[in-house]
Structures are given as C-alpha cells and as structure tokens.
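For my numbering, count along the sequence shown from 1 and bump the result up by 4. Some notes on the structure that comes next.
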Amino acid sequence: MSQQKPNLHFETLAIHEGQAPDPATGAVIVPIYQTSTYVQEELGKHKGYEYSRTGNPTRKALEECLASLEGGKFGLAFGSGMAAESTVINLFSQGDHLLVSDDVYGGTFRLFQRVFTRYGLTFSFVDARDTKNFEKGLKKETKGIWIETPTNPLLKIVDLEWVAQFAKKNNLLSICDNTFGTPFFQQPLHWGIDVVVHSTTKYLGGHSDVVGGAVITNRTDLFEALKFHQNAVGGVPGPFDAWLVLRGLKTLALRMVQHEKNAKAIAEMLAHDSRVERVNYPGLSSHPQHALAKKQMSGFSGMISFDLKGGLSASRLLLKNTQLFSLAESLGGVESLIEHPASMTHASLPPEVRQQLGIGDGLIRLSVGIEHEADLVADLKNALDKIR
Ligand SMILES: *Cc1c(COP(=O)(O)O)cnc(C)c1O
5 MSQQKPNLHF ETLAIHEGQA PDPATGAVIV PIYQTSTYVQ EELGKHKGYE YSRTGNPTRK
65 ALEECLASLE GGKFGLAFGS GMAAESTVIN LFSQGDHLLV SDDVYGGTFR LFQRVFTRYG
125 LTFSFVDARD TKNFEKGLKK ETKGIWIETP TNPLLKIVDL EWVAQFAKKN NLLSICDNTF
185 GTPFFQQPLH WGIDVVVHST TKYLGGHSDV VGGAVITNRT DLFEALKFHQ NAVGGVPGPF
245 DAWLVLRGLK TLALRMVQHE KNAKAIAEML AHDSRVERVN YPGLSSHPQH ALAKKQMSGF
305 SGMISFDLKG GLSASRLLLK NTQLFSLAES LGGVESLIEH PASMTHASLP PEVRQQLGIG
365 DGLIRLSVGI EHEADLVADL KNALDKIR
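Rendered as structure tokens:
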C-alpha cells in the first residue's frame, strides 16, 4: 500500500514515491532485485518476501509509485498491458456481461472476443460518445463497464464522471484504460472510476524499450481480489522490466509536456492542410468533444489521427516519405512514430467493424515524440508534398 502524501506534487511523487534509498546500501536508485526466492530465517519468519511471483522489491517500488501517480491507494504491475487486462477480466464470472466502448485497442477487442467469450463472458461494444448507448446496452447480467478515453485510434472522448455514476447506480465495476491520457493529464479514479489499467509499454515506460502493464484502484476489496489473481495467474513483470518502467516514470511529467506541445503544433498544421480530410485531436477546438476533453483532462497528450484524401495510395506515399516519423506500431515513446491502423494496429478487427468505426484506408495515426516541434512539422509537410 502506498503512503499517500497529498501535499506532494506529481513530479515529486514520480521520482520519490516507493523509492526511499536502499536500506542495505544507501543506493539512491531502487536496485534490480534479480532473485526468484528469499531466504527464511526460520519457519514462517521472513522479511516480507518469499517468492518473486508473489512479491519483489523492485516491482513493489513501481507499484507504489504507479498508485500515487493515479491518485490511488493500490497499484499492481504486470508483464504487459494485456496481462493487466486479463487479470482484471478474471474478476468476472461465467455468464457476466460487460459494456465496452467501441474503438478500444485492437488487442483488447481480440482478448474479449476471441479469448474470454470462450469462458462464457459476453461483451457489447457501443459508441460511447453518446452515453445513451450504454443505457440501451444494459442487461440484467451486466456486471462491468470498460472504457478507453481518448480512444484508439479515433481519439473519441468518453465521459468519465457519467460512466462512474452509471456504474455505481447499476452495480457495475467500472474500468478505464488510461494509456493514452496518462495520469499526468487525466485521473479516472478522481471521477469515481473503480479500476484504471495501463499499458506501461507506452508513455509510462516512455522509451520503447520495455513491455509492461499496470492496474490501480482505491478499493481494498478489489485490490485483494486483483492481488490474488496476479499471484494465482502469474502475469508479473521481471525485476529488470519493473525497473525500466520505474526509471521511465521519473521523467513522465517533462515528457508529457513536450509530447503535448508538439502534438498541438502538428494537429494545427494538419487541420490547415488541403490534403487532409479530417484531424482527430481532442486539443483542437474543432474536435466535437473538445469541451468534455477540457473538463476531464488537463492536457491532450501526444496522439493524433487524421484522414488523408486519396485513401490507400495517398497513405502509402505519406508513410514512405517521412524521415523522422518511423513507420511502426506502438506509441508513447520519445521518438515519433507513424502508422496505418487499418493494416497494422487494428488489422485484428473484422473489416466490417473497422468500416463501421471509421477506420478507413486513409486513416493515419501519429505518436508524436519529444523531438523539436519544427523538425516534426517540416518532416510531415515534406512527406505530404510527395502525395500526388
Ligand atoms: C498497447 C496498448 C494495450 C496493450 O498493452 P501491451 O503492453 O502491448 O500488452 C492496451 N491498451 C492500450 C490503449 C494500448 O495502447
């Protein structure tokens, strides 16, 4: 459990929470406790650790730090975002139904539809921009509501306060994937959401060098159930991976400021470019849900998507001609990435689902890095000029 210090700010917590100097040596940085087991002085007498699936000091430091950044009491770290999500879904039982916002991460859709439906769970995917769709989808066996905001790749916004209240009224467990927003810009627990999940692979790790996940909650009952499943199912990160995420967190605040500054400049440039049909960035005043984004986010993060005129052939030319934006999946690292959701990150969605969502052949997604803004703008302009 993290010691809550409400007087400390995000930037300070990111560097210090859970990370007191090492009691054995005074090391300023939490060591990588690369061990699977721990010696017991006598039967039943140990220093709080028995086996590293159950607990590891490097992981514990990360878990406490993550909890504090989300304004939560309890954090749990996992070997990937998907391991974190699977562990949350383990809280549900055969026959339960979940409401899910429709353009969730492709891997989330796949996990729900192709793995957990085989265990007797059912899922309804609804356009969560209109909360009435959740009301319409509610069934007597509905036990959970799973949202992502901003969504991937279309950057739709879901009303956190409304979802939390709707969940409470109907006895549902509310879960928010906060990977895109990050706790620096958005804290779902503050609005009453029960559980936050993360792919720490993205902004929290921040350097494209580690895969990891996290779950944060304020509820003791949920923490205990999640902790049980973390240990029982076993999707934990190794000590080195936990350490890499912990190191990433130290600069999260600085990085997010620059990600957002660059993304804003690029979104504005794209919005004025004749080769671009539409830009999706919640920080633009033209975003249809800009007011809601402003209410629940203190900044708009570094993800942008946009529709190019000219479909697949225009997309191919753009993707071929950027120099700084690398063509790759994933997001949230210091370097800028560009990708084509229809054939890359969202290829696992059935074509009719993609079409219904608006993930067409002209849709491009950017993960804007922390390079210099002018270089990134110039790189994209140059590549846009190559579209004939
Ligand atoms: C990447 C991602 C995940 C999955 O996380 P992994 O670390 O790749 O397992 C889940 N949700 C969102 C929004 C993501 O971007």
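Cβ atoms here follow ideal geometry from the backbone N, Cα and C, with glycine treated the same way.
Residues bridged to Val-201 (per DSSP): On the sequence shown, residue 201 is found 197 positions in, with the first residue counted as 1. BP columns for Val-201 point to Asp-181 and Val-219.
Neighbourhood of His-233 by C-beta, 8 Å cutoff - its chain only, sequence neighbours within 5 removed: Residue mapping note: residue 233 aligns to position 229 of the sequence shown, counting from 1. Here the set comprises Thr-91, Asn-94 and Leu-95.
In DSSP terms, what Thr-146 is bridged to: As a working note, residue 146 is residue 142 in the sequence shown. Looking at the DSSP assignment, Thr-146 forms a beta bridge with His-101.
message: Does the stretch 60-72 come into contact with the stretch 241-261, if we say contact requires no fewer than three beta-carbon pairs (one atom in each stretch) closer than 8 Å?
response: yes
Close-in-space but distant-in-sequence residues of the same chain around Ser-302 (CB under 6 Å, 5 per side omitted): One-based indexing of the sequence shown puts residue 302 at position 298. Closer than 6 Å at the Cβ level, and outside the excluded window around Ser-302, lie Phe-189.
- prompt: What is the rounded straight-line gap between the Cα of Val-261 and the Cα of Cys-69?
  reply: In the sequence shown, counting from the first residue as 1, residue 261 sits at position 257. In the sequence shown, counting from the first residue as 1, residue 69 sits at position 65. Each residue's Cα considered, the two are about 20 Å apart.
message: Using only CA atoms, which one of Pro-27, Val-119, His-202 and Asn-386 lies nearest to Val-249?
response: As a first step, residue 249 is located in the sequence shown; it is residue number 245 there, counting from the start. It is His-202.
query: Cβ of Phe-309 within 8 Å of Cβ of Asn-284?
result: On the sequence shown, residue 309 is found 305 positions in, with the first residue counted as 1. On the sequence shown, residue 284 is found 280 positions in, with the first residue counted as 1. The sequence shown places Ser at residue 309, not Phe. Cβ distance < 8 Å, so Ser-309 and Asn-284 count as in contact.
field: Close beta carbons around Lys-390, own chain, < 6 Å, minus the five adjacent residues each side
entry: The residue given as residue 390 occupies position 386 in the sequence shown. Counting only Cβ-Cβ distances below 6 Å, and skipping sequence neighbours, we find Leu-321 and Asn-325.
message: Judging by CA-CA distance, which residue of Ala-88, Leu-253, Gln-117 and Arg-133 is the nearest neighbour of His-101?
response: As a position in the sequence shown, residue 101 is number 97, starting the count at 1. Among Ala-88, Leu-253, Gln-117 and Arg-133, the Cα nearest to that of His-101 belongs to Gln-117.
task: Leaving aside the five residues before and after Met-5 along the sequence, list all residues of the same chain whose C-beta is less than 7 Å from its C-beta, in chain order.
output: Along the sequence shown, one-based indexing puts residue 5 at 1. Note that Met-5 has pLDDT 44, beneath the 50 cutoff, so the model's placement of it is unreliable and no number is given.
message: I need the straight-line Cα distance from Arg-369 to Leu-341, nearest angstrom please.
response: Locating residue 369 in the sequence shown gives position 365, where the first residue counts as 1. Locating residue 341 in the sequence shown gives position 337, where the first residue counts as 1. One C-alpha to the other measures close to 8 Å.
- prompt: Could you give the distance in angstroms between the alpha-carbon of Lys-51 and the alpha-carbon of Arg-282?
  reply: The sequence position of residue 51 within the sequence shown is 47, counting from 1. The sequence position of residue 282 within the sequence shown is 278, counting from 1. Computed Cα separation, rounded: 57 Å.
- request: Would you kindly work out how many angstroms separate the C-alpha atoms of Ile-151 and Phe-120, rounded to a whole number?
  value: On the sequence shown, position 147 is the one that residue 151 refers to. On the sequence shown, position 116 is the one that residue 120 refers to. Going from the Cα of Ile-151 to the Cα of Phe-120 covers about 17 Å.
field: Where Ala-81 sits in the DSSP three-state scheme
entry: Here residue 81 is taken as the residue at index 77 of the sequence shown, counted from 1. Residue state, collapsed to three classes: strand.
task: Identify every run of the beta strand (DSSP E) within the stretch 300-361, keeping only runs that are complete inside it and at least 3 residues long; order them along the chain.
output: 307-312 and 341-343
- request: Starting from the C-beta of Val-214, find all residues in its chain whose C-beta is less than 7 Å away, skip the five residues before and the five after it, and write them out in chain order.
  value: Locating residue 214 in the sequence shown gives position 210, counting from the first residue. Counting only residues of its own chain and dropping the five nearest sequence neighbours on each side, Val-214 has a CB closer than 7 Å to the CB of Thr-205, Asp-245, Leu-248 and Val-249.
- prompt: Is Leu-73 helix, strand or coil by DSSP?
  reply: Your numbering for residue 73 matches position 69 in the sequence shown. Of the three classes helix, strand and coil, the one that applies to Leu-73 here is helix, per DSSP.
Rounded separation between Gln-7 and Gln-98 - CA only: Taking the sequence shown and counting its residues from 1, the one referred to as residue 7 is at position 3. Taking the sequence shown and counting its residues from 1, the one referred to as residue 98 is at position 94. Note that Gln-7 scores a pLDDT of 49, beneath 50, so its modelled location is shaky; the value from the coordinates is reported in the next line. Roughly 36 Å between the two C-alpha positions.
- prompt: Any heavy atom of ligand 1 closer than 7 Å to the CB of Leu-335?
  reply: Counting from one through the sequence shown, the residue named residue 335 turns up at place 331. Yes.
- prompt: Straight-line CA distance for Glu-46 to Gly-252?
  reply: Stepping through the sequence shown from its first residue, residue 46 is reached at position 42. Stepping through the sequence shown from its first residue, residue 252 is reached at position 248. Roughly 38 Å between the two C-alpha positions.
Which of helix, strand or coil DSSP assigns to Lys-64: For the purposes of this step, residue 64 is taken as residue 60 along the sequence shown, with counting starting at 1. Lys-64 falls in the helix class under three-state DSSP.
- prompt: Pro-286 and His-294 look like a contact to me (Cβ under 8 Å); what is the Cβ gap, rounded to whole Å?
  reply: By 1-based counting over the sequence shown, the position of residue 286 is 282. By 1-based counting over the sequence shown, the position of residue 294 is 290. That belief holds up - the Cβ atoms of Pro-286 and His-294 are roughly 6 Å apart, short of 8 Å.
- request: Quick one: residues in its chain with C-beta nearer than 6 Å to the C-beta of Tyr-109, no 5 flanking neighbours on either side, listed in chain order?
  value: Numbered from its first residue, the sequence shown carries residue 109 at position 105. Around Tyr-109: Asn-156.
task: Find out if the Cβ-Cβ distance for the pair Glu-375, Leu-328 is shorter than 8 Å.
output: As a working note, residue 375 is residue 371 in the sequence shown. As a working note, residue 328 is residue 324 in the sequence shown. Contact: yes.
- request: For the beta strand (DSSP E) holding Phe-116, just list the boundary residues, first then last.
  value: Walking along the sequence shown from the start, residue 116 turns up at place 112. First-last for Phe-116: undefined, no H or E at that position.
field: Outcome for Lys-268 when other beta-carbon atoms lying within 10 angstroms are tallied against a minimum of 16
entry: Within the sequence shown, numbered from 1, the residue matching residue 268 stands at position 264. The residue in question, Lys-268, is buried, as its Cβ has 16 or more Cβ neighbours within 10 Å.
query: CB Phe-127 to CB Phe-170, shorter than 8 Å?
result: For the purposes of this step, residue 127 is taken as the residue at position 123 of the sequence shown. For the purposes of this step, residue 170 is taken as the residue at position 166 of the sequence shown. Against a cut-off of 8 Å, the Cβ pair of Phe-170 and Phe-127 comes out as no contact.
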